[in-house]
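Let me begin by presenting the structure, written as structure tokens, before commenting on it.
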Amino acid sequence: MAVSGISVRMAHFSCPLCQEVLRTPAAIPCGHTFCILCIQDFWDNEEMHDLFCSCPECQYTFHPRPNLIKNIALAEMVEAMEKSRCRNNVGAVGTHRPAAACQEAEPSPSQTQEKARPMKSPRTTTVPEALKSRICPIHDRLLEVYCCDDDQCICFLCALVEHKEHTTLLVNEGWRRKQEQLQDIKKQSKERIKKSEKEQKDLTEIINRIKESGRAAEEHCEGVLAGLIDSLQRHYTTVRELIRAQETAVMAQAESSLCNLETYMADLKKKDTELAELSQTDDDIHFLQSWPSLSTLPEPHDLSSVSTDPHLPFEAIRTAVSEFGDRLEAFCEEEINTVSQTVAGNGGSQSPVRPEQLPVICSAQTLEPTTRPEFLQYACELTLDPNTAHNDLSLSTDGRMVSAPYLPGGRDTSDDSQADDDPGHQQRQGHLDVQAAAICDGAGGIQVWRYQK
């Protein structure tokens with residue numbers, strides 16, 4: 001074999017185990033090359049050589065044990081390099097020994113197959129940690145079977161004994177099926193994530209709308225209650241004016257009585273002085289002449305209209321306002337309890353609110369409805385009042401339908417003279433129009449109903 005033009009070192013053709021020139025070289029699946037006998041002896045000395053074998057260089061693990069085949073091209077190259085080395089050594093020392101002498105000095109490759117040379121540094125290996133998880137802890141065999149029932153990897157002996165009634169697959173087939181399931185799970189996970197993101201967006205919108213609705217309701221209630229406070233303030237002003245008017249009237253009466261009393265007392269004192277002077281006179285003529293005017297005392301002033309109790313004039317208004325306050329407090333307490341129960345009832349039984357179900361909060365004042373859907377928001381049921389309906393109108397039992405069976409083409413006026421004498425009839429006669437008994441069951445504000453013939 002011609003090797004001219006090739007410059008290599010013999011160290012490149014040495015066995016990593018025996019550290020000598022390769023004899024019967026063979027490459028294992030990982031790519032490293034050893035002497036056949038060296039690598040076989042190495043594998044035989046491994047701890048678990050019946051289960052697996054590994055490369056001494058890269059620790060790559062093989063299962064099952066690979067079949068070794070002589071690398072003919074590499075063996076011929078090694079042999080040619082050996083012959084060339086022998087010729088160079090002989091020429092250098094001046095000894096003319098045939099090439100056969102080199103062959104006798106060095107054992108031939110065929111001889112190496114007869115007897116393996118002892119390795120300079122035999123190695124012992126241990127099972128890699130990553131491989132221990134692939135070995136059955138019961139039978140010390142590789143996990144090559146997948147049990148579908150127990151969802152675990154087992155060896156062939158486990159499949160024949162402990163799991164013989166179970167559904168089993170080879171690990172590669174089990175891996176393939178689990179990969180398909182994995183794709184389905186990933187798809188479901190993405191769909192759920194997408195759905196959750198949408199729900200999160202909806203809930204965030206609902207929360208924002210709830211906050212807006214809460215603030216709007218708070219402002220509305222604050223306005224209503226502030227109006228009530230203003231109304232109470234006006235009523236208080238009225239009551240205060242009534243009290244002051246009552247005070248003024250009572251004081252005027254008392255002051256008038258006081259003025260009359262003072263006049264009466266002045267007259268009495270004047271009369272008393274004149275009587276004292278008259279009692280001192282000795283003139284009988286003067287005495288008799290003055291007696292008629294001094295013998296009668298002035299009439300006392302009637303003070304019975306003036307109450308001696310200062311609280312009595314205001315007792316009536318005090319009592320009335322106190323009763324009004326008690327009734328108002330009871331009414332407010334009852335209505336607040338009703339509002340609380342309504343809110344609690346709606347909050348407990350209400351289904352989850354969707355964004356489109358929440359009212360749209362407008363910063364501007366609510367506009368008048370213009371379209372049919374807007375009118376339908378204020379729809380209410382009418383109840384007809386029989387006390388205000390015309391005699392010729394016939395009401396249904398539920399008070400929601402009215403008919404005029406005796407007026408096919410107009411109103412019968414034959415009994416107008418008799419009806420005019422009936423005050424109740426006069427009250428109802430003017431309500432022959434459809435307004436005759438319209439009582440809406442809703443609250444105040446915008447109310448819409450539909451009239452159907």
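Numbers 1 to 453, taken from full-length UniProt numbering, label the letters of the sequence shown in order.
By construction, the Cβ of each residue, glycine as well, lies at the ideal position given by its N, Cα and C atoms.
For PRO25, the secondary structure class from DSSP, reduced to helix, strand or coil, is strand. Its Cα nearest to that of CYS147, the residue THR167 stands out among SER133, LEU22, THR167 and GLN233. If you compare the alpha carbons of GLU180, HIS163 and LEU228 with that of GLU329, the shortest gap goes to LEU228.
Linking LEU261 to GLU299 through their CA atoms gives a straight-line distance of about 11 angstroms. SER396 sits in coil when the DSSP states are folded into three classes, being neither helix nor strand.
In this structure, ASP272 is the residue among PHE314, ASP272 and ILE317 with its C-alpha nearest to the C-alpha of THR296. In the pairwise beta carbon analysis, the segment 171 to 186 is classified as touching the segment 143 to 158: at least three pairs are separated by under 8 angstroms. About 6 angstroms separates the beta carbon of ALA389 from that of LEU395, a gap short enough to meet the 8 angstroms contact definition.
Contact holds between the segment 32 to 41 and the segment 61 to 70, because three or more Cβ pairs, one in each stretch, are under 8 angstroms apart. Here ILE138 is not bridged, per DSSP, to any residue. Spatial neighbours of VAL321 in its own chain (CB-CB distance under 8 angstroms, excluding positions within 5 residues in sequence) are listed in chain order as VAL239.
The three-state secondary structure of VAL402, taken from DSSP, is strand.
Within a 10 Å sphere around the beta-carbon of PRO25 sit 16 or more other beta-carbons, which makes this residue buried. With 16 or more other Cβ atoms from the protein chains shown falling within 10 Å of its own Cβ, TRP43 counts as buried.
Of the residues assessed, CYS15 falls on the buried side of the cut-off, its CB having 16 or more other CB atoms within 10 angstroms. Note that the C-beta distance between LEU17 and VAL78 is not below 8 angstroms. Beta-bridge pairing by DSSP links THR61 to SER54. Following the DSSP letters along the chain, one finds GLN188 inside the alpha helix (DSSP H) bounded by residues 171 to 280. Looking at the DSSP output, SER14 bridges to VAL21.
For CYS35, the beta-bridge partners assigned by DSSP are PRO25. Beta-bridge annotation (DSSP): LEU157 is not paired with any residue. In this structure, the straight-line span from the alpha carbon of ARG318 to that of LEU312 is close to 10 angstroms.
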